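> Numbering (my numbering), first residue to last: 533 to 812.
Following this message is one structure expressed as structure tokens.
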Ligand SMILES: Cc1ncc(C[n+]2csc(CCOP(=O)(O)OP(=O)(O)O)c2C)c(N)n1
Ligand SMILES: [Mg+2]
């Protein structure tokens, strides 16, 4: 693997960032005693690439900078990941992470716009983020702003009809400043996607809706970053990265058991998980 990804971004620095994010998510959810650790771990490299790999333009000191690129966490239950990334990006003090899910905390179980700097959209009711993304693209078009919009979707989330309505609308409006990333970990809350509501053939589906589709290993930063860069060059239609991922990536016993969805680890499990993450 190359040591340098683009310009001066070092692969080793990004891998270490991903490790720190996993450790923080583990700490946050263990302290809270609840939260979606496995859903968060699934997308750690995707958000690392976006926020720290030179893809998104943003200004933590000016969260509503009109020209910022928009990132919408449509699978809002992965809030621990979003919060950890925003803290590491400098939007707020990292100490706030330890207040996840407390009653008076801005770090609620699902992200709420306006409560925490950097949270672009209120999400958690699955299926809505792509529609919000289209609105941002059309707004940018009207206001002559050239920002790009990125939406992270879950695969279980794609069982919601609104996603496909948005997919159609997006192609219709030729929203080429919109890139969706599908966290294709093959599981939703209650079991495998193939059993609950099969999505395949997924590439052909998105293509038939008029999207530019690429498939990528969602844990490989050297693949993710160039694929995201390539998506920026597409014109006349929206693009989607189907990112093959592993739910709970990084902790063997979580990867092996989908029932960890929405469950925090018990202190002894958390200690084992921490060891595994530190050894990678
Ligand atoms: C509209 C709606 N229905 C049901 C839920 C409950 N729910 C929360 S997470 C989840 C599964 C999501 O699976 P997926 O999109 O694959 O995300 P993953 O955790 O695998 O990343 C469900 C059904 C919800 N949040 N919103
Ligand atoms: Mg899933």
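No residue lacks a Cβ here, since even glycine has one placed at the ideal position from N, Cα and C.
Bear in mind the structure is a predicted one, so any value in this text is a computation, not a measurement.
Measuring only from the beta carbon, is residue 715 closer than 7 Å to any heavy atom that is part of ligand 2?
Yes, since a heavy atom of ligand 2 falls inside the 7 Å radius drawn around the Cβ of residue 715.
> With DSSP as the reference, please indicate the residues paired to residue 595 in a beta bridge.
The partner list for residue 595 (beta bridge, DSSP) is empty, contrary to what the question assumes.
> Can you check which of these residues, 686, 692, 566, is closest to residue 632 by C-alpha distance?
Residue 566 is the option with its Cα nearest to residue 632.
> Could you name the residues that DSSP lists as bridge partners for residue 783?
In the DSSP output, where bridge partners are listed per residue, residue 783 has none listed.
> Got a sec: does ligand 1 put a non-hydrogen atom nearer than 7 Å to the Cβ of residue 723?
No, since every heavy atom of ligand 1 falls outside the 7 Å radius drawn around the Cβ of residue 723.
> Given residue 563, which residues of its chain have a CB within under 6 Å of its CB, disregarding the five upstream and five downstream residues?
Same-chain partners within the cutoff: 630.
> Using 10 angstroms around the beta-carbon of residue 739, count the other beta-carbons present and answer buried if the total reaches 16, otherwise exposed.
Label assigned to residue 739: exposed.
> Note down the Cα distance separating residue 683 from residue 707, rounded to an integer number of angstroms.
C-alpha separation (whole angstroms): 13 Å.
> I think residue 570 touches residue 750, with their Cβ atoms under 8 Å apart; what is that distance to the nearest whole Å?
Not confirmed; about 14 Å, so no contact.
> By alpha-carbon positions, which one of 677, 626, 724 ends up nearest to residue 689?
Among 677, 626, 724, the Cα nearest to that of residue 689 is on 724.
> What's the C-alpha gap between residue 623 and residue 649?
Approximately 6 Å, taken between the alpha carbons.
> Going by C-alpha to C-alpha distance, which of 619, 792, 753 sits closest to residue 593?
That would be 619, whose Cα lies nearest to the Cα of residue 593.
> Only counting the same chain, and skipping five residues up and downstream in sequence, which positions put a Cβ closer than 7 Å to that of residue 641?
567, 611, 633, listed in sequence order.
> Is residue 544 near residue 757, with beta carbons less than 8 Å apart?
Contact: no.
> Assuming contact is defined by CB atoms lying nearer than 8 Å, are residue 660 and residue 652 in contact in what I supplied?
No, the Cβ-Cβ distance between residue 660 and residue 652 is not below 8 Å.
> Could you check whether residue 557 and residue 572 sit closer than 8 Å to each other, using their CB atoms as the reference points?
Yes. Within cutoff.
> Return helix, strand or coil for residue 707, following the three-state DSSP convention.
Note: residue 707 maps to coil in three-state DSSP.
> What ranges does the beta strand (DSSP E) occupy inside the stretch 755–808, keeping only unbroken runs of at least 3 residues that lie completely in it?
Counting whole runs of 3 or more residues, the stretch 755–808 contains the beta strand (DSSP E) stretches 771–776.
> Run the proximity test for residue 720: is its beta-carbon closer than 7 Å to any non-hydrogen atom belonging to ligand 1?
Result yes, Cβ under 7 Å from ligand 1.
> Taking residue 765 as the reference, give the member of 785, 709, 717 with the closest Cα.
Ranking 785, 709, 717 by Cα distance to residue 765 puts 709 first.
> Would you kindly report the start and end of the unbroken beta strand (DSSP E) that includes residue 603?
Residues 602–605.
> With respect to the alpha helix (DSSP H) encompassing residue 651, which residues constitute its N-terminal and C-terminal limits?
Where residue 651 is concerned, there is no enclosing alpha helix (DSSP H), given that its DSSP letter is neither H nor E.
> How would you write the range of the beta strand (DSSP E) that residue 816 sits in, first residue to last?
Examination of residue 816 is not possible in this model, given that the chain is present from 533 through 812 alone.
> So what does residue 686 bridge to, in DSSP terms?
Residue 686 pairs with 715.
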